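Peer 1: Pasting a structure below so you can have a look.
There are 2 protein chains.
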Amino acid sequence: MKRPTIADVARRAGVSKGAVSYALNGQPGVSEATRQRILAIATEIGFSPSSAARALSAATAGAIGLALCRPARTLGVEPFFMALISGVEAELSARSYALTLQVVADHDAEIAVYRRWWGERRVDGVLVCDLHTEDRRIPALEQLQLPAVVIGGPGGTGGLASLWSDDAAALTETVEYLVALGHRRIARVGGLPDLRHTEIRTDAFAAICQRLGLVDAVTVWSDYTGEEGGRATRRLLSSSQRPTALIYDNDVMAVAGLSVAQEMGLTVPGDLSIVAWDDSPLCRLVHPPLTALGRDIPAYGAHAARQLLAVVAGQPTGRVQDETPRLTPRGSTAPPRAR
Amino acid sequence: MKRPTIADVARRAGVSKGAVSYALNGQPGVSEATRQRILAIATEIGFSPSSAARALSAATAGAIGLALCRPARTLGVEPFFMALISGVEAELSARSYALTLQVVADHDAEIAVYRRWWGERRVDGVLVCDLHTEDRRIPALEQLQLPAVVIGGPGGTGGLASLWSDDAAALTETVEYLVALGHRRIARVGGLPDLRHTEIRTDAFAAICQRLGLVDAVTVWSDYTGEEGGRATRRLLSSSQRPTALIYDNDVMAVAGLSVAQEMGLTVPGDLSIVAWDDSPLCRLVHPPLTALGRDIPAYGAHAARQLLAVVAGQPTGRVQDETPRLTPRGSTAPPRAR
DNA sequence: GACGTTAACTGAACCGGATAAGCTGAGCCA
DNA sequence: TGGCTCAGCTTATCCGGTTCAGTTAACGTC
């Protein structure tokens, strides 16, 4: 089955290629009657313009890129990325943009991918995830002048457009909530320490705990996996002055932590309250269901995609704030049992 | 920053565009000395050929497509897709192929996407997931003659190449294992009933149970979500002759089922044994860790990608069998406690 | 009826590669 | 020394769109 080209449409309509191009793109230069005739023929023979030819002459790829820099294992476990992607996708496909995905091993590989995409004109712009402190990708993208939206911040995004949510406020609210329940010994199991949002949350946690006079508030760092989250939990709960509440930087570690606590004979929420970041169906799967800090991640992705398309179109967007994560109390938090 | 083109390389090397093309593609037609000089210059100025131009003249897109037909919510929860994608990606990026992703609402939309991709020459081939019984996508792809590999089967894949794993054998092994432990009342919480692999597993389950004389073996159908999995579990465990072992068609439902069982005061594995399909870190997160039927999903994805590239290259591959899921016994299965 | 204006279209150049066909000079042999 | 071969290049064409500069015909105008 041969693919129809613009020349086929032109031939059947008895006009030139140029006229067909004008007609299909809503440009002036053809009469309304001719435009309708051409559109009808195009639909009839199932014509869709070659993305390559269009990209070549219009100098636009019709695609945006997303490079995911995580090992295959952690990628799978966290629902976050799939949810983000589905939101991005919804926005893109509504505008007939494609999403090009690449999994990379580290930032050097990721920068190489950006450089290649830029040289190949394969994408019109990129979404950047997992912002680090002192992130090398930022200057690399600025140098390439490849349109980009950084999902993360605030801060550390250089001159690039960015979409951020107020994690500091969300964490502050969470600590205040736990303190209101009566907790005084709160610990936090953080994510990878060189991620920018980990840093932001860690600073916010230290600040609010100091303000509320919680002296033994500690943050321990983990890597988002259940194994590490469980191990960190076991360590924290084994200390003489064990915390009565734990805040986890993602849902997977929180679920693992819940398991560890129950395994150690602690009841949740009686002996230990648990709060998870990144609310997801996972938090409602377990028993008790986890109190979580959540937000609409597909909407976040859609927002980022819209912003990137604006940047690609040449509109400077700067730093845009998305909604602040909301605390959804469920069964895993309660006043601490008097001991 | 202007992107270098082949003409820039040619100018600096003092040769024609054609010579550069030959040199970069390893074609004969240039001396080894010239080739090296051209390669050095290309590397120096950071040249990578425009994917659009190459696609236009070589009539190959350098990309393969993956359309995911699931609502945003279920997509996120299951680690399966992310793991599959990371495997596919590993194989593709090693060969400088791109992966184009699209999330669609239903099969009609998916077929429309295939038709558009085909017309736009945006992808060289597609991977088809979640094979249904009487799947409309199969004849549509055959008609388009778009290279495709169906991930699923055996059977129902028409003349398309397919990659399948022997779910029937895996399920048979699982039932035999449970029976060897002493279980006689085994139930199964299946996935969506119109999926081909659900059908295969259901048939295999019925067959082995009949062979072993397990009279009240039942399958109930669910939709892979934790909510539904939990509900189905509650129903099964509330019956007068409740099963002593449950087999779930995915990990998410199994975890939800574990929660429900514990909530109902049953101990696992004492009162109830649980087996999950799709082993993932999730199964090791919970307590007790779940006995699961697992396989290397990234490897499965990589295998599918390799097969698709072979199909794209014109080599007929037919139906290829991937490894059979392996049963990994963990803490959630044990002999049933005498009542 | 000559002239300017404009809508509606055509023809050709162009985007950046791949590739078939043509050209050139060195080397070899008779 | 003339003719032949062949490696090593160049030139030209093509892929399928977009777009700009022309061309043509219809129309209004004085």
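Residue numbers (the working numbering), protein chains in the order written: chain A, 20 to 358; chain B, 20 to 358. Just so it is clear, CB atoms sit at the ideal spot from N, CA and C, and this is done for glycine as well. Computed from a prediction, not measured in an experiment: that's the story for all the values here.
(1) Out of B/A323, B/S278, B/T176, which one is the CA nearest neighbour of B/D315?
(2) Name the residue from A/V287, A/H202, A/F99, A/D341 whose alpha carbon lies nearest to the alpha carbon of A/C228.
(3) When DSSP labels each residue in this structure, what does A/V142 get in the three-state scheme?
(4) 8 Å is my cut-off, CB to CB: does B/H322 come that close to chain A?
(5) Quick one: what's got a C-beta closer than 6 Å to A/I158's C-beta in the same chain, skipping five residues either side?
(6) Look at the alpha carbon of B/E97 and the alpha carbon of A/Y133, and state the distance between them as a whole number of angstroms.
(7) Taking the alpha-carbon positions, what's the A/M101 to B/S299 distance?
(8) Looking at the secondary structure, which residues open and close the alpha helix (DSSP H) in which A/G249 lies?
(9) Do A/D185 and A/T343 have their C-beta atoms closer together than 8 Å?
(10) For chain B, is any of its Cβ atoms less than 8 Å away from the one on A/W296?
(11) Would you report the Cα separation of A/T79 and A/T310, rounded to the nearest angstrom?
(12) Please name the residue or residues paired with B/R338 in a DSSP beta bridge.
(13) Indicate whether A/A82 and A/D143 have their beta-carbon atoms separated by less than 8 Å.
(14) If I follow the unbroken beta strand (DSSP E) through B/Y267, where does it start and stop?
(15) Taking DSSP as the reference, what is the three-state secondary structure of B/A295?
(16) For a contact defined as C-beta to C-beta under 9 Å, what are the partners of A/G178 on chain B?
(17) Would you verify that the beta carbon of B/V274 is, or is not, closer than 8 Å to some beta carbon of chain A?
(18) Could you tell me the boundaries of the beta strand (DSSP E) in which A/Q121 lies?
(19) Distance, Cα to Cα, A/I266 vs B/A117?
(20) May I ask you to list, following chain order, the residues of the region 280-309 of chain A that have a beta carbon less than 8 Å from some beta carbon of chain B?
(21) In whole angstroms, what is the alpha-carbon distance linking A/G84 and B/R114?
(22) Cutting at 6 Å between CB atoms, please list the residues of its own chain near B/T109, excluding the five before and the five after it.
(23) Taking B/A72 as the query, report the chain A residues whose CB atoms sit under 7 Å from its CB, ordered along the chain.
(24) Cβ of A/T152 within 8 Å of Cβ of A/D213?
(25) Relative to chain A, which residues along the region 139-153 of chain B have a C-beta separation below 7 Å, given in chain order?
(26) So with Cβ pairs under 8 Å, would you call B/R254 a contact of chain A?
(27) One question on the structure: do B/V305 and B/L277 come within less than 8 Å of each other, judged by their Cβ atoms?
(28) Give a yes or no on whether the minimum CB-CB distance between A/T347 and chain B is below 8 Å.
(29) Taking C-beta to C-beta, are A/L146 and A/V168 nearer than 8 Å?
(30) Can you find a CB in chain A that lies within less than 8 Å of the CB of B/P262?
(31) Applying the 10 Å Cβ sphere with the 16-neighbour rule, what's the burial state of A/P47?
(32) For the beta strand (DSSP E) that contains A/R345, what are its first and last residues?
(33) So what does A/R303 bridge to, in DSSP terms?
(34) What would DSSP say about B/L328, mapped onto helix, strand or coil?
(35) Taking 8 Å as the threshold (C-beta atoms), are B/C88 and B/D125 in contact?
(36) Which chain B residues sit within Cβ distance under 9 Å of A/V271?
Peer 2: Quick look at the numbers:
(1) The residue with the shortest Cα to Cα distance from B/D315 is B/A323.
(2) When only C-alpha atoms are compared, the closest one is A/H202.
(3) Coil, per DSSP.
(4) Taking Cβ atoms only, chain A never reaches closer than 8 Å to B/H322, which makes this a no.
(5) Note that residue 158 of chain A corresponds to Pro in the displayed sequence, not to Ile. Same-chain partners within the cutoff: there are none.
(6) The alpha-carbon atoms of B/E97 and A/Y133 are separated by roughly 29 Å.
(7) Between A/M101 and B/S299, the C-alpha separation is close to 16 Å.
(8) Segment 245-257, the alpha helix (DSSP H) holding A/G249.
(9) Against a cut-off of 8 Å, the Cβ pair of A/T343 and A/D185 comes out as a contact.
(10) It does not; no Cβ of chain B falls within 8 Å.
(11) Answer to the nearest angstrom: the Cα atoms are 45 Å apart.
(12) In the DSSP output, where bridge partners are listed per residue, B/R338 has B/S181.
(13) Their beta carbons are under 8 Å apart, which means A/A82 touches A/D143 by this criterion.
(14) For B/Y267, the uninterrupted beta strand (DSSP E) segment begins and ends at 264-267.
(15) For B/A295, the secondary structure class from DSSP, reduced to helix, strand or coil, is strand.
(16) Neighbours of A/G178 on chain B: none; closest Cβ ~15 Å, over 9 Å.
(17) Residue contact check for B/V274 against chain A: a CB pair falls below 8 Å.
(18) Segment 117-123, the beta strand (DSSP E) holding A/Q121.
(19) The straight-line gap from Cα to Cα measures roughly 39 Å.
(20) The region 280-309 of chain A vs chain B, Cβ under 8 Å: Q281, E282, S299, P300, L301, R303, L304, V305, H306.
(21) Between A/G84 and B/R114, the C-alpha separation is close to 18 Å.
(22) It is worth fixing the name first, because residue 109 of chain B is Ala in this sequence and not Thr. Within its own chain, the residues whose Cβ lies closer than 6 Å to the Cβ of B/A109, once the five positions on either side in sequence are excluded, are A321, listed in chain order.
(23) Residues of chain A whose Cβ lies closer than 7 Å to the Cβ of B/A72 are, in chain order, L75.
(24) Yes, they are a contact pair.
(25) Among the residues of the region 139-153 of chain B, those with a Cβ less than 7 Å away from any Cβ of chain A are E139, R140, R141, in the order of the chain.
(26) Judged by the 8 Å Cβ criterion, B/R254 is not in contact with chain A.
(27) In contact: B/V305 and B/L277 (Cβ atoms closer than 8 Å).
(28) Interface annotation, A/T347: not in contact with chain B, CB-CB separation never under 8 Å.
(29) Yes, these two residues count as a Cβ contact at 8 Å.
(30) At a cut-off of 8 Å between beta carbons, B/P262 makes no contact with chain A.
(31) By the 10 Å Cβ count, A/P47 comes out exposed.
(32) Note, A/R345: beta strand (DSSP E), 345-347.
(33) Beta-bridge pairing by DSSP links A/R303 to no other residue.
(34) Secondary structure at B/L328: helix, using DSSP grouped into helix, strand and coil.
(35) In this structure, B/C88 lies closer than 8 Å to B/D125 by Cβ.
(36) For A/V271, the chain B residues whose C-beta falls within less than 9 Å of its own C-beta are P300, L301, L304, listed in chain order.
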